[in-house]
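A.B. asks:
Residue numbers (this note's numbering): 830 to 1021.
1) Is the CB-CB distance between residue 930 and residue 1002 below 8 Å?
2) When the Cα atoms are used, what is the spatial distance from residue 1017 to residue 961?
3) Please state if the CB of residue 865 and the CB of residue 893 are separated by a distance shorter than 8 Å.
4) Considering just the uninterrupted stretch of the alpha helix (DSSP H) at residue 834, what are its terminal residues?
5) So for residue 967, helix, strand or coil by DSSP?
6) Just reading off the alpha helix (DSSP H) that residue 974 is part of, what are its end residues?
7) Could you check the C-alpha separation between residue 983 and residue 989 for me, to the nearest Å?
8) Distance, Cα to Cα, residue 890 vs residue 971?
9) Among residues of its own chain, excluding the 5 on either side of residue 843, which ones have a beta-carbon nearer than 7 Å to its beta-carbon?
10) To the nearest angstrom, how far is it from the Cα of residue 849 to the Cα of residue 996?
11) Measuring CA to CA, which of 918, 927, 837 is closest to residue 1004?
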């Protein structure tokens, strides 16, 4: 219990300095050092594939952001679509929601908003509505295993294949887009 409390306090006070992962691994190291758990038990109950998949997805997302590949793809897509549909607000909203939703299934939510936020705000229209739509659409991570840690954990059980995410997720994605567009078209103007 003492190690658990130390890890908990480490997450609160040390995570901004050294990160959550280092604190958690320190707890694992302490459990191993004091013989409270053996390596075979940890190895047997750990799905290393999920850890490697999540690490590689984060790495690819960071590299796409740092090299400018994500920014370039987003700018090109939105530029050509903006030229065609510049004066139609609902179509502009639809394009921004679709691009954000697709990109959030490939990158992390934070990276998606960081890359697309400034571009989408430059598309014109009400910046409050565009910003809120972008942030909400960045949560539409239903299509791929790497879309979120939750999806990876569920996938690690072995009961769901990668293709199952897309089979079920595309329906939820479309419903989410429709609800968001209807809300932003009919409800938000009343509030704003």
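Just so you know, even glycine gets a beta-carbon here, dropped at the ideal spot from N, CA and C.
C.D. replies: According to the structure data:
1) Yes. Within cutoff.
2) Taking the straight line joining both Cα atoms gives about 10 Å.
3) For residue 893 and residue 865, no; Cβs fall outside 8 Å.
4) Here the alpha helix (DSSP H) through residue 834 covers 831 to 842.
5) Looking at residue 967 - three-state DSSP - the assignment turns out to be coil, as it is neither helix nor strand.
6) Element bounds for residue 974: n/a, residue is neither H nor E.
7) So the alpha carbons of these two residues sit roughly 7 Å apart.
8) Spanning the alpha carbons of residue 890 and residue 971 requires a straight line of approximately 17 Å.
9) Hits under 7 Å: 852.
10) Between residue 849 and residue 996, the C-alpha separation is close to 33 Å.
11) Distance check between residue 1004 and each of 918, 927, 837 places 927 closest, using alpha-carbon atoms only.
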